[in-house]
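To convert, count from 1 in the first sequence and add 463; that's this note's numbering.
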Amino acid sequence: MSQRQILVTSALPYANGPIHLGHLVEYIQTDIWVRFQKMRGHRVIYVCADDTHGTAIMLSARRNGISEEQWIDTINRQHQQDFAGFDIQFDQYGSTHSAENRQLCAQIWQQALSKQLIASRDVQQLYDPEQKTFLADRFVKGKCPKCGAPDQAGDNCDKCGHTYSAIELVDPVSTISGAAPEIRSAPHFFFQLEKCREIVENWIARPGTLQSETANYLRGHFLSDTLRDWDLSRTAPYFGFEIPDQPGHYWYVWFDAPVGYIATTWQWCQAHGESLNDWWRNPNAEIHHFIGKDIVYFHTLFWPAILHTAEYELPTRVHVHGFLTVNGRKMSKRDGTFIRGRKYLEHLQPAYLRYYYATKLGDNQDDLDLNVPEFVEKVNSDLVNKVVNLVARCAKFGAQTGLAAQYPDDEGRFAYAAAQSDAIAAAYDAGELSRAMRLIMELADRANQFVDQAQPWKLAKSPDQTERLRDVVTITLNLYRQLAIYLAPVLPTLQQQSAELLGAELQDWRMAQVPLLNQTIGTYSHFMQRLDIKDVEKMIEETKHENASAAATSDSGAVAPTATVDSDAALLAEPLAAECTIEDFAKVDLRVARIVSAEEVPEARKLLKLVVSLGGDQTRQVFAGIKAAYEPADLVGRLVVIVANLKPRQMKFGLSEGMVCAAGGGGTEVFLLSPDSGAVPGHRIH
RNA sequence: GGGCCGGUAGCUCAGUUGGUUAGAGCAGGGGACUCAUAAUCCCUUGGUCGCGGGUUCGAGUCCUGCCCGGCCUACCA
């Protein structure tokens, strides 16, 4: 087997919030793959970095009253701690806000310019005069120019589906300051991707570059048409790198972020006396990116074009994975399933999650479900009952006898497991971790069968059977050792514990071919505790409470605020409306009402059809956009607040005769208002 | 509306280029054992392979229509 040279990356986490279990799918998947390749004796480096630029970072820093640099430093430290807590081992962890990255971006930019791939033209954009910043689409709200629906973002209307440019919005408002934005024109710099079409097409068509579904998606979605120019610049103020010779213009975060892969490699090279070109301009070196399916677009169209422009090698393979769901549903703050890595580590061992993810991951983009009962069951029955228990049940004898000097006849058991090495390795290499885990568990079953047949506990009772006992121990512990080696990429802690007990390292894949002999055995203490579902539930419960009290922020960003100070994220996301008088307010008749029936509107994505009672025989039919947040059955009977004198509106599914009051940012983040006890249907709210 | 992925035992999934009686783990039932973290081992129940057509000597596997779920995207590749 020839030695491969492999550079591996995971996507750069955005420096705007903590690492959660969804992120960890990717880092654990990558770390397992990297550890495996290292055990195989290949020359591998695993690099990653924080993605630190963009408007969102700027706003987070402002909100916290610190500089952007302070903000990203803090986040970087937290990220690295979180990763270390899950045994994710980078060779280099950097930041896109580094000198190396700035220099590389400038070089690549220069090459793009000299190859005439950059075009400049003026773009009209909304500008917030108070915050003195141009506004990205998601920082503007206004009425849809087509259907007039209020509170629509700057790119499309979620009511009628119309797409438009932010400057077409009627009565736009900056969601950062609440000010009315102005239209300003500014030059922007575009990368002309179409000019690189052939490069990208050939790369995508090359076998092995992409999973077929990704290649299909790109071909159908983008390559069938002219590739649009890509806006690579943003106008000040912006937290990022200023474009050389273009004061006031910054590279868009998605330009400098992937360059961070190279910059971080460079940092590693500097620290280890290696050459960057040996990794990025060496056709014999492999480059593997692990990413989520949400960022395929950036890594498979622009990125190869940019690499080619800068005369770097194109990625060997982009491994795309799906999203994490919990108990079959999207992670949600309301359900307490938006679990931070740090919270997980307060309650549970990293090995549990690493193993569980491994049993669920294949080389595909399917979403991965963290099903809590299944999680507990898999960890307990596979890892604890089968694998760890194998040592536990013979460690006592092992300490007495040690390992024999010659490997006894085991009827081909060790040889069988040694022969599985290639199949297991092939599965790991192909990213088919679930297959690898199945193969390994089959070996664990076989080993336990052996112990049952050999009955060492009986041998231990007769002094004349000491030698046979030693043989049985030798076989069992060697079968176990093979398991520990095969599982080492997933369970580095177990690898270490096993090495200590056996008094010999397990860092090389080939060690599974040769039995360990003539060795004293250490004292065993439990390698792993059983997982109690109560601990998992407790973790989810705590997460739920923290989210509730931390004034859940609208995006995944925002570091948890201190206990006594609520985050201002909600207010920033939706600034105060213009002042109104008491007379204005009096026009709105808010009433307490009781929900008497609630049903799904099957054709509607967001709506529930409610009938509410105002007391007596007064009822109203109301459509409410709360489908994602509430089960109809849970609503019947509860008191809510409605706008009782709202002009009825004919909707696609029927007439809506009012509006149910709720707080929150929409989607699953919807919280109905309820009155304190004592209020009855019909009470007006003053 | 379009695209992609999936629908195999109660649950999670395997089923290689179509080839005998469709498999595993867990759960359920029965038994054994007591070294071990109420762990382990043996036996066992359980499937119209989403539904309907078609190709074939033969279809879970190929073609086609439909149904369901997930994701992506939108005057629409």
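Here a beta-carbon is modelled for each residue, glycine too, at the ideal position from N, C-alpha and C.
The structure displayed is predicted, hence computed values, not measured ones.
Determine the direct distance from the alpha carbon of residue j to that of residue i, and round the result to whole angstroms.
i, j, result
"L969", "I495", "16 angstroms"
"W534", "S523", "8 angstroms"
"G532", "R803", "The sequence given here has Glu at residue 532, not Gly. The alpha-carbon atoms of E532 and R803 are separated by roughly 23 angstroms."
"N790", "T1006", "15 angstroms"
"W717", "G711", "18 angstroms"
"A917", "E930", "13 angstroms"
"T779", "I938", "41 angstroms"
"N911", "A951", "19 angstroms"
"L475", "Q500", "21 angstroms"
"D750", "E1062", "Going by the sequence as given, residue 750 is Ile instead of Asp. Rounded to the nearest angstrom, the two C-alpha atoms are 52 angstroms apart."
"K823", "V977", "30 angstroms"
"M991", "P813", "11 angstroms"
"F786", "P481", "17 angstroms"
"V781", "H762", "8 angstroms"
"I754", "C511", "12 angstroms"
"A668", "G683", "13 angstroms"
"G1141", "V1123", "19 angstroms"
"I662", "E705", "28 angstroms"
"A720", "T559", "6 angstroms"
"F765", "M521", "25 angstroms"
"Y1093", "A1107", "21 angstroms"
"Y490", "S473", "6 angstroms"
"L470", "A748", "7 angstroms"
"A1036", "G641", "Confidence in A1036 is poor, its pLDDT being 48 and thus under 50, which makes the residue's placement unreliable; the coordinate value appears in the next sentence. Rounded to the nearest angstrom, the two C-alpha atoms are 9 angstroms apart."
"Y819", "E1004", "21 angstroms"
Nearest by alpha-carbon distance to residue i: which of the options is it?
i, options, result
"V850", "A889, R909 and H1149", "R909"
"P955", "M521, L1077, Y490 and R817", "R817"
"P707", "G671, R744, L576 and F499", "L576"
"H483", "P746, D1139, Q552 and F801", "F801"
"E1000", "G799, T728, Q709 and L940", "G799"
"T1172", "Q555, T515 and A519", "As shown, the chain starts at 464 and ends at 1149. That puts residue 1172 outside it, with no answer to give."
"Y815", "E837, W572, F652 and S795", "E837"
"T727", "I508, H1146 and A478", "I508"
"L1135", "R744, L808 and R1101", "R1101"
"N827", "H784, R856, I469 and N747", "H784"
"I581", "Q594, V1074 and K658", "K658"
"N665", "L811, L940, L681 and F653", "L681"
"Q466", "D757, R506 and G485", "R506"
"R1147", "V1055, P1138 and S1137", "V1055"
"T518", "D554, K595, A881 and F553", "K595"
"D829", "D757, A478 and R498", "D757"
"H651", "E593, G966, Q674 and R697", "R697"
"S675", "F653, F597 and V759", "V759"
"F913", "L853, A642, V1075 and I903", "L853"
"L902", "R933, G865, A821 and Q863", "A821"
"I984", "R944, V1099 and I1003", "R944"
Residue i bridges to which residues according to DSSP?
i, result
"H712", "T698"
"Q468", "R506 and A748"
"R584", "H651"
"L693", "This sequence places Trp at residue 693; Leu is not what is there. Answer is F654, bridged to W693."
"H1146", "Answer is none; H1146 lacks a bridge partner."
"M1122", "V1106"
"F597", "Y590"
"L946", "BP columns for L946 are empty, so no partner."
"L484", "Answer is none; L484 lacks a bridge partner."
"Q1084", "V1074"
"L673", "Partner(s): none; L673 has no beta bridge."
Does any heavy atom of the ligand MN sit closer than 6 angstroms to the C-beta of residue i?
i, result
"D873", "Within the structure as shown, the ligand MN is missing, as the structure has no ligands at all."
Beta strand (DSSP E) segments (min. 3 residues) lying fully within the segment 752-812: Inside the segment 752-812, DSSP marks whole beta strand (DSSP E) runs of 3 or more residues at positions 780-784 and 787-789, from first to last along the chain.
Segments of 4+ residues assigned as alpha helix (DSSP H) that fall wholly inside the segment 854-896: With a minimum length of 4 residues, the continuous alpha helix (DSSP H) runs that stay inside the segment 854-896 are 876-882 and 884-892.
Entirely enclosed alpha helix (DSSP H) segments - the segment 496-577, minimum 4 residues: Note on the segment 496-577: whole alpha helix (DSSP H) runs with a minimum of 4 residues are 518-526, 531-548 and 562-577, in chain order.
Three CB pairs or more closer than 8 angstroms across the segment 868-888 and the segment 974-991: Enough Cβ pairs lie closer than 8 angstroms, so yes.
Cβ contact check for the segment 564-579 and the segment 544-554: 3 or more pairs under 8 angstroms: With a cut-off of 8 angstroms on Cβ pairs, the segment 564-579 is not in contact with the segment 544-554, counting fewer than three such pairs.
Inter-stretch contact at 8 angstroms, needing at least 3 Cβ pairs: the segment 1118-1125 / the segment 1073-1088: Contact holds: three or more Cβ-Cβ distances are below 8 angstroms.
Start-end ranges of the beta strand (DSSP E) lying completely within the segment 967-1010, minimum 3 residues: Counting only runs of 3+ residues, no beta strand (DSSP E) is found wholly inside the segment 967-1010.
Segments assigned beta strand (DSSP E), at least 3 residues, entirely inside the segment 822-853: Runs of the beta strand (DSSP E) lying entirely within the segment 822-853, each at least 3 residues long, are 831-833 in chain order.
Any 3 or more C-beta pairs closer than 8 angstroms across the segment 627-647 and the segment 577-593: The answer is yes - the segment 577-593 touches the segment 627-647, with three or more Cβ pairs under 8 angstroms.
Contact between the segment 956-968 and the segment 756-775 (3+ Cβ pairs under 8 angstroms): Judged by pairs of C-beta atoms under 8 angstroms, the segment 956-968 does not touch the segment 756-775, as fewer than three such pairs exist.
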